[in-house]
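Visitor:
Below is the structure:
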């Protein structure tokens, strides 16, 4: 028997032996998971259930717990798993799975057919006598017959790619016949937009309150054997009232005659619909003084301003002088109108004046961010900030190393920084985040570091006296320097010994307390959204205004006849009078008449309400609504008019969609500076120089940051052109000889003499790597010479796509050399994509075939030395070329010749001697000279503190 | 024609991608993303070529009873078994495929990798020679850096780790950057050559 | 055969055997070489230690590891966890790699064995595995509210309700984030957690990536770092000398090898807590061995060269 047959035999034996050992070691997975309970998740909107169960013992080597859910106990579908590391098992004694909020239901990637879960045997039954075989199914299939009827058992949210919703839907009218309580027959018909399941991105489910859902758990062990199914347990959700709040603050500003309220959000803020602020008078009588609905969707508020006047409207006996007797509380109301009061007992207000508030952010500007694809808005404010990230003394306390960081913005881009510690001044021209100071002070005393800035001039000038100061002290115990963070006793000492510095410290601490909240609003909302909290250090913020890519629609209807899911067919359009609310427009032309009828009904309903009420405010708002609706059916808004004039749905949708996306992506902004405790100041809403407040981000056609790159590329191209022209004219261009390339001929000759093959490895990378292309270019030359000498060439390949290219190159080379007969397709062959397996393959070839010459040209990683060292053992001549810097040392020590970095790219030029290629090489040299000059020049001018040259180049 | 059409595709797409660098607009970004998706699609098809080549080379060897043809059987059997286990039982944790991966692939790969230590030692012994002044400097630097990375260096003098750090941060980094500059330029030049159709070996060498 | 020839033509296999012995022997019989401290490791230790027994400070450990980097990084995991448990420092652990999550569980289980009084969700909290896609949202979200960004721990319990979260809100309460990683170190944390919220970031990396950290250490964007097995060994040693003995850190003592060697006996330290130091012994021996190889190889080369020259002269 040959050795490899032995190996094969041995491997097979080992395989069975080991699989035997592995399975023998395992305890049988024959016990179901116990203790499964399903409970309602507290404080939520009735969408969440918590499952908990006892994990199986560690010895069972469980790798995952699979969770199944269904609306009836006889068919449960897989919804998720918890993977477990079989080595460690589960540390605690209960495991939990939270099935809450929107959970993936079905999409185009779901399996086609309803399939039973595998790995279950009929005879394996749980305590209830149920076999998993009978009830467990894999993921919900995309078969409408299966998932369609289940849709009504959940709240459903569909996510539809916008383009699909706009252009691909099919209209359908649904007529429903109801018998009303009085026995009248009422037909309602609705028009809906239908899409096939593949056209949706996802469908999500959420539990319906009060409905029973069934769950079961199954555990898989190391060999993926499933345990018997757990007990099937049902649970139902409750729409709980909101959670109590952790923090709630009330502050009364007597001079400004207003109150500020601020609070934190509960965990399940999504469910919050509205909040009410209550005032309790001296007798504990409760008055609602402020009410506001939250912006939809999911953008609850955390603060409110209430003026004394508006309090007086709701609470006529209000007297600011009695403020100290009043108490306050806030009630959150969820979508089911359940109210929770934030505090068990109402709190008194902090009575103060606006004098304690900081200045509002200055220089607040909102503008389109340049050089982007039109999805960012740039917001900046206030003067530059300097923070200290680290400070340390050397062991002898003679030097202090300061690491700083700068936060600046477009307006005040810092160009020069001056730091002052106890009278020692250092100016930073090149902002490299570190400065060294010679220490001539007592390190044990608190010290003051002050920074002043020189900024780029963009319209505004930084005030001359603007500076930032930090106090630091050396901590003897911890042996490092603390910045802006003194202990109680150090602070007391400072107050006594150095009151000036104490004041600076307190001022900084005050400054540190206030963070920035960026607020924005688009044309579909009447309440500002709070998208971003910025720390006190931030000076610039890029707000992402992403392109609209999806539409959300709830509760689809399914139709088995055309296999479509039908959703609501209206799209939001901004109010033409720049008011809230916005319009919802029918998306189909045919729908128009019906839509107008509905609006007329609506108007009639409003009219009826007006007749019944006496509330002035309500009558006003209803009248506005009636006016808006009348405008709409009379085609007054220009967009509505334009859209209604279109002949096709497609043209209509294009207009509506455009208007919809523009309005959704148009924002105005303001900034609130707050300490989170009811002390805050606002900037006014930003108004652009042209008087407009709303801003729509613009998509740019040129990236100005890349100008230098463009110039360089153009310069390079021009140089190439001239050099190629020169070369074509026959001018001799001098190129430095490279030993490795000149030796290629000799190396090939040697192989021919010895009658042994040559090996060529064109790197391990893919075709998109330029090094691979360079390697292949060399291969073409080497293969041609090898064909001329009639020497066999072996080319092992790691990348699939490189394979046919290399084959083609070697084939062409043989044809060119006039030796098509000697070409063997199998001389260029694929080994494997696994890095080290590839190496062992190549090494095997070197040893068995006794290759005389080895080429390594292209990209290499950790495997390089493994190949070259084997090559040097077999005594082959080795020539390598790579741009992988980390592998160069290995090549240089073990190969006879190595092409370093760009020499690899130049090699094909040397070998071909074509004027075109020589020309580019020469141009490359000149550009390199230019780069060297720039580097030297840059170093020189920055050394003498001229940084303009450096600043021309974009920092990457 | 066989060359002109591919060359045209290369040139057009090359220029479009260069433009993409300078044009940040939505259309440009969308085109780029759309194209990247197509590139992902091409990959899996190439696997067929690779496996075809593997089967052909080794099939030929077995047919011709070429020297060492038995190893080819080992290769093909391994390929078939691994693929089949993956297709039949899937590739999740706990399947035979995963078992093969963990118990054959990973240890074999690790073995090859750990050979590196031995090869470094033998390369140091056999090939690392003070042939010239440059090589001598390299040798001295290597010794210092190796000492500086372990406690013995510090035990001799605290200068050794300090010098190690300096060698890595100053001369080493400078040389690295120098090479990187050249590499970057070389890449640009090669890309330019390809885009302009000057370099066309990747299409199968030779003239049109 | 002459001596010089013997040296020049020595069979590689002898070299392989010597290397194998040089690796194996120190692992079996630890040599107990001294560990010398470096500033980045001391800084990280100090930063973590500062959270000791504070109610409103935690350490966040990110296990960005795969089994392939286990030999270098696992001792770091163990040493840092041990430090925290010894000094009553609260710890959060999270991983965005499925394999990293398994390593995290393993490390927690291994260290917890020796600390029966340390309770999950009170003294430490394992956030478990999160998908890579959730990484940035979580890192950014933690600047606002950790409980909201992370939501649940590895067992599925809501963070909000856990005792450990009592005084913990956002990055202000995170003393330092330590990412222990086999790839690009800490960049996301430096850019977002540090850049946007001023959180302190430290890293533990493999020796190969250690050189890339210098710029970040120099600018103070990283408060400290552990580089490879050496960094792990230093940290182990610091924990052994200060945290185990319950002594406050002092740079003078840390640098004083004599003082340190009197603090404990290495032979009495459980194996899992000295893995890195033992590994460093092997590494040191191999480094010296390779240096010897270079020297011996070159002696042979020079002798040979001289002989060849002499031949020509004759």
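Protein chains in written order, with this note's numbering: chain A, 108 to 1063; chain B, 3 to 210; chain C, 1381 to 1694. Just so you know, even glycine gets a beta-carbon here, dropped at the ideal spot from N, CA and C.
1) Could you tell me which chain B residues have their CB closer than 9 Å to the CB of residue 1610(C), listed as they occur along the chain?
2) If the cut is a Cβ gap below 7 Å, which residues of chain C does residue 510(A) touch?
3) Can you name, in chain order, every residue of its own chain whose Cβ lies under 8 Å from the Cβ of residue 1537(C), other than the five neighbours on each side?
4) Would you identify the three-state DSSP class for residue 625(A), choosing helix, strand or coil?
5) Closer than 8 Å, Cβ to Cβ, to anything on chain C: give me those residues from the region 169-191 of chain B, in chain order.
6) So what does residue 562(A) bridge to, in DSSP terms?
7) Counting C-beta neighbours from all protein chains within 10 Å, is the total for residue 154(B) 16 or more, i.e. buried, or is it exposed?
8) Are residue 1418(C) and residue 1443(C) closer than 8 Å when you measure CB to CB?
9) Just grab the DSSP bridge partners of residue 367(A) for me.
10) Could you give the C-beta distance for residue 118(B) and residue 973(A), rounded to a whole number, given that I count them as a contact under 8 Å?
11) Anything in the region 825-855 of chain A with a Cβ closer than 9 Å to a Cβ of chain B? List those residues in chain order, please.
12) Give the C-beta separation of residue 948(A) and residue 964(A) to the nearest angstrom, bearing in mind that I take them to be a contact with Cβ-Cβ under 8 Å.
13) Rounding to the nearest angstrom, what Cα-Cα distance links residue 1596(C) and residue 1602(C) in this structure?
14) Starting from residue 112(A), find everything on chain B with Cβ-Cβ shorter than 7 Å and list it in chain order.
15) Less than 8 Å separating the beta-carbons of residue 131(B) and residue 1681(C)?
16) Which of the three DSSP states is assigned to residue 1697(C) in this structure?
17) Out of 1653(C), 1670(C), 1429(C), state which residue places its alpha-carbon closest to the alpha-carbon of residue 1695(C).
18) Looking only at DSSP bridge pairs, what is residue 531(A) linked to?
19) Would you say residue 93(A) and residue 358(A) are within 8 Å of each other, going by their C-beta atoms?
20) Can you grab the Cα-Cα spacing for the pair residue 1651(C) / residue 166(A), in whole Å?
21) Assuming residue 348(A) and residue 446(A) make a contact with CB atoms under 8 Å, what is their CB distance in whole Å?
22) Can you give the beta carbon distance from residue 1066(A) to residue 411(A), rounded, assuming they're within the 8 Å contact cut?
23) Is it the case that the region 182-197 of chain A contacts the region 292-300 of chain A, given that we only count it when at least three CB pairs across the two stretches are under 8 Å?
24) Is there a C-beta anywhere in chain A that falls below 8 Å from the one on residue 159(B)?
25) Counting only beta-carbon atoms, is residue 109(B) nearer than 8 Å to chain A?
26) Between 1494(C), 1397(C), 1642(C), 1532(C), which has its C-alpha nearest residue 1508(C)'s C-alpha?
27) In this structure, how does DSSP classify residue 733(A) when only helix, strand and coil are distinguished?
28) Which residue comes first and which comes last in the alpha helix (DSSP H) that contains residue 247(A)?
29) To the nearest angstrom, how far is the alpha carbon of residue 1578(C) from that of residue 1566(C)?
30) Could you check which residue in 898(A), 826(A), 979(A) has the C-alpha nearest to that of residue 1023(A)?
31) The region 1382-1401 of chain C: which residues have C-beta closer than 8 Å to a C-beta of chain B, in chain order?
32) Closer than 8 Å, CB to CB, is residue 119(B) near chain C or not?
33) Just tell me which of 578(A), 770(A), 629(A), 624(A) has its CA closest to the CA of residue 66(A).
34) Taking Cβ to Cβ, would you say residue 955(A) is nearer than 8 Å to residue 62(B)?
35) Alpha carbon to alpha carbon, how far is residue 1617(C) from residue 1433(C)? Give it in angstroms, no decimals.
36) DSSP has residue 902(A) in a bridge; who is on the other side?
Guide: This is what the structure gives:
1) Reading the third chain from its first residue, position 230 is the one you call residue 1610(C). Ordered by position in chain B, the residues that pass the 9 Å Cβ test against residue 1610(C) are 151, 152, 153.
2) In the first chain, the residue the question calls residue 510(A) occupies position 403. Ordered by position in chain C, the residues that pass the 7 Å Cβ test against residue 510(A) are 1599, 1600.
3) In the third chain, residue 1537(C) corresponds to position 157, counting from 1. Contacts found: 1501.
4) Here the question's residue 625(A) lines up with position 518 in the first chain. If DSSP states are grouped into helix, strand and coil, residue 625(A) belongs with the strands.
5) 170, 171
6) In the first chain, counting from the first residue as 1, residue 562(A) sits at position 455. Paired residues: 521(A).
7) If you number the second chain from 1, residue 154(B) lands on position 152. Residue 154(B) comes out buried.
8) Against the third chain, residue 1418(C) aligns to sequence position 38. Against the third chain, residue 1443(C) aligns to sequence position 63. Going by C-beta atoms, residue 1418(C) is not nearer than 8 Å to residue 1443(C).
9) Counting from one through the first chain, the residue named residue 367(A) turns up at place 260. Residue 367(A) is bridged to 358(A), 412(A).
10) Locating residue 118(B) in the second chain gives position 116, where the first residue counts as 1. Locating residue 973(A) in the first chain gives position 866, where the first residue counts as 1. The pair is a contact, with the Cβ atoms about 6 Å apart (cut-off 8 Å).
11) 827, 831
12) Locating residue 948(A) in the first chain gives position 841, counting from the first residue. Locating residue 964(A) in the first chain gives position 857, counting from the first residue. Wrong, their Cβ atoms sit about 18 Å apart, outside the cutoff.
13) Here the question's residue 1596(C) lines up with position 216 in the third chain. Here the question's residue 1602(C) lines up with position 222 in the third chain. Whole-angstrom Cα-Cα distance: 6 Å.
14) Counted from its first residue, the first chain places residue 112(A) at position 5. Chain B residues near residue 112(A): 72.
15) As a first step, residue 131(B) must be located in the second chain, where it is residue number 129. As a first step, residue 1681(C) must be located in the third chain, where it is residue number 301. Closer than 8 Å, so yes.
16) This structure cannot settle anything about residue 1697(C), because the visible part of chain C is limited to 1381 through 1694.
17) With chain C covering 1381 to 1694 only, the question about residue 1695(C) has no answer from this structure.
18) For this step, residue 531(A) is matched to residue 424 along the first chain. Answer is 528(A).
19) Because chain A in this structure spans residues 108 to 1063, residue 93(A) falls outside the shown range and cannot be described.
20) Along the third chain, read from residue 1 onward, the residue named residue 1651(C) stands at position 271. Along the first chain, read from residue 1 onward, the residue named residue 166(A) stands at position 59. Using only the alpha carbons, I get a separation of about 25 Å.
21) Indexing the first chain from 1 puts residue 348(A) at position 241. Indexing the first chain from 1 puts residue 446(A) at position 339. Correct: roughly 7 Å between the Cβ atoms.
22) Nothing can be reported for residue 1066(A), as the shown portion of chain A is limited to 108 through 1063.
23) no
24) Sequence index remark: in the second chain, residue 159(B) carries index 157 (1-based). So, not an interface residue.
25) Here residue 109(B) refers to the residue found at position 107 of the second chain. Not one chain A Cβ lies under 8 Å of residue 109(B).
26) Position 128 of the third chain holds residue 1508(C). Answer by Cα proximity: 1532(C).
27) In the first chain, residue 733(A) corresponds to position 626, counting from 1. Three-state result, residue 733(A): helix.
28) In the first chain, residue 247(A) corresponds to position 140, counting from 1. Segment: none, residue 247(A) is in no alpha helix (DSSP H) and carries neither H nor E.
29) Translated into the one-based positions of the third chain, residue 1578(C) becomes position 198. Translated into the one-based positions of the third chain, residue 1566(C) becomes position 186. Rounded to whole angstroms, residue 1578(C) to residue 1566(C) spans 14 Å at the Cα level.
30) Here residue 1023(A) refers to the residue found at position 916 when the first chain is read from its first residue. The residue with the shortest Cα to Cα distance from residue 1023(A) is 826(A).
31) 1390, 1392, 1395, 1396, 1398, 1399, 1400
32) For this step, residue 119(B) is matched to residue 117 along the second chain. Residue 119(B) counts as touching chain C.
33) The requested residue 66(A) does not occur in the structure, where chain A is confined to residues 108 to 1063.
34) Your numbering for residue 955(A) matches position 848 in the first chain. Your numbering for residue 62(B) matches position 60 in the second chain. Their beta carbons are not under 8 Å apart, which means residue 955(A) does not touch residue 62(B) by this criterion.
35) Locating residue 1433(C) in the third chain gives position 53, where the first residue counts as 1. Locating residue 1617(C) in the third chain gives position 237, where the first residue counts as 1. Approximately 21 Å between the Cα atoms of the pair.
36) Taking the first residue of the first chain as position 1, residue 902(A) is located at position 795. Residue 902(A) pairs with 935(A).
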